[in-house]
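Asker: Quick one: the structure is below, questions incoming.
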Amino acid sequence: MKKFSINDEVYEAGKFGLRVPLFVWRINHGNNGSISYTCSASKGRDEHDYTTKQIYYLAELY
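For the sequence shown, the working numbering assigns the number 41 to the initial residue and increments by one for each residue that follows.
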């Protein structure tokens, strides 16, 4: 089940002091049913894949 949508503003878990927003650019579906999200602060630069346990909405962090 998808948790985030494209262009959603999310934050990386464990980096609460930094609070650099990441944006979801792509939703990746694995063969085993897993979902990961390609996110970065600016599109095309420093993109990384994250699972639903690694990124959160800002409201979920508090």
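Glycine included, every Cβ here is placed at the ideal spot set by N, Cα and C.
Is the distance from the Cβ of Tyr77 to the Cβ of Ile67 below 8 Å?
Answerer: Here the question's residue 77 lines up with position 37 in the sequence shown. Here the question's residue 67 lines up with position 27 in the sequence shown. Yes; because the gap between Cβ atoms is below 8 Å, this pair is in contact.
Asker: What are the boundary residues of the beta strand (DSSP E) that Thr78 is part of?
Answerer: Here residue 78 corresponds to residue number 38 of the sequence shown, with the count starting at 1. First-last of the beta strand (DSSP E) with Thr78: 75-80.
Asker: What do you get for Val60, buried or exposed, if any count of 16 or more other CB atoms within 10 angstroms of its CB means buried?
Answerer: Counting from one through the sequence shown, the residue named residue 60 turns up at place 20. Exposed.
Asker: Quick check: what's the CA-CA separation for Gly84 versus Ser45?
Answerer: As a working mapping, residue 84 is identified with position 44 in the sequence shown. As a working mapping, residue 45 is identified with position 5 in the sequence shown. Answer to the nearest angstrom: the Cα atoms are 18 Å apart.
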